[in-house]
Amino acid sequence: MSYLSENELFSNRQYGFIKDDQRSFSYYMFDKWTEYLKGGGQIDAIYSDFEKAFDKVPHKILISKLYSYGLHDSIINWIFEFLKARQCRVKVNISYSDWDDVTSGIPQGSVLGPILFLIYINDLLDTCGTYSEVYASAYDAKFFRHILTADDRNDCNVVLMPFRTVQGNGC
Numbered sequence: 090m091s092y093l094s095e096n097e098l099f100s101n102r103q104y105g106f107i108k109d110d111q112r113s114f115s116y117y118m119f120d121k122w123t124e125y126l127k128g129g130g131q132i133d134a135i136y137s138d139f140e141k142a143f144d145k146v147p148h149k150i151l152i153s154k155l156y157s158y159g160l161h162d163s164i165i166n167w168i169f170e171f172l173k174a175r176q177c178r179v180k181v182n183i184s185y186s187d188w189d190d191v192t193s194g195i196p197q198g199s200v201l202g203p204i205l206f207l208i209y210i211n212d213l214l215d216t217c218g219t220y221s222e223v224y225a226s227a228y229d230a231k232f233f234r235h236i237l238t239a240d241d242r243n244d245c246n247v248v249l250m251p252f253r254t255v256q257g258n259g260c
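Numbering (our numbering), first residue to last: 90 to 260.
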C-alpha cells in the first residue's frame, strides 16, 4: 500500500480504503455540488454499488494491472498464489458438485482484498471522466455532471446509456 501511495499510483478520485484524514468523500461531494449549484443548473448523478463486484474481478486482469504498476515479481507471484488457492462447489439439497477452481473474485474479509479491489477499479475513475465526474468510495462510485446546457445533458446521457440498458431505467 505504501508503494502505491508514495508513487501516487492511486487516482485522486479514489476515496475508499486510503488512510488520509483530508479525504472525506461525503464532505467533498457536498462542497462540490453546492459550488456548482450556486452557479445555476442542476446536478445529474448515478450512484453505482460495488456490492457484488469483489466476486467478479478476473484474476488475469488484476495480475496484469499489478505488473503495470511496477510491483516486484515476487509480490505479484505471492498475490497470484493467494488468489488461485481457492476452490468452490455447490450444494443442492443433499448433493454436492465437484470442486472447481475459482478464477475470479477477491476474498472478502481479507486485509489484502480491499487493496486489490482498489487497484482493479483505479483506472476506471480516470477513464470515465470524459463526460462526467466520477469518484469512488469503499464500495460504490458516483458519476455526476453539472447540467447547464442541452449539450451537458446529452453528454451525461452518453454515460447513462449503459446503465439504462442494463438496469432498464434512467436518471
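Ideal Cβ positions, reconstructed from N, Cα and C, are used throughout, including at glycine.
Handout entry: Strand pairing of A225, partner residues [DSSP]
Key = Answer is Q103 and A230, bridged to A225.
Handout entry: Cβ-Cβ distance between R175 and W188 below 8 Å
Key = no
Handout entry: Nearest residue (CA-CA) to H235, options R102, Y125, H161 and K180
Key = With distances taken between Cα atoms, H235 lies closest to Y125.
Exercise for the section: Kindly indicate which three-state DSSP category D187 falls into: helix, strand or coil? Expected result: coil
Handout entry: Three-pair Cβ contact test at 8 Å for the stretch 206-224 versus the stretch 144-163
Key = yes
Problem - Ordered list of beta strand (DSSP E) runs contained in the stretch 126-192, each at least 3 residues - result: 131-138
Handout entry: Segment contact flag, the stretch 158-176 with the stretch 117-132, C-beta cutoff 8 Å, min 3 pairs
Key = By the C-beta criterion, the stretch 158-176 is judged not to be in contact with the stretch 117-132, since fewer than 3 inter-stretch pairs fall below 8 Å.
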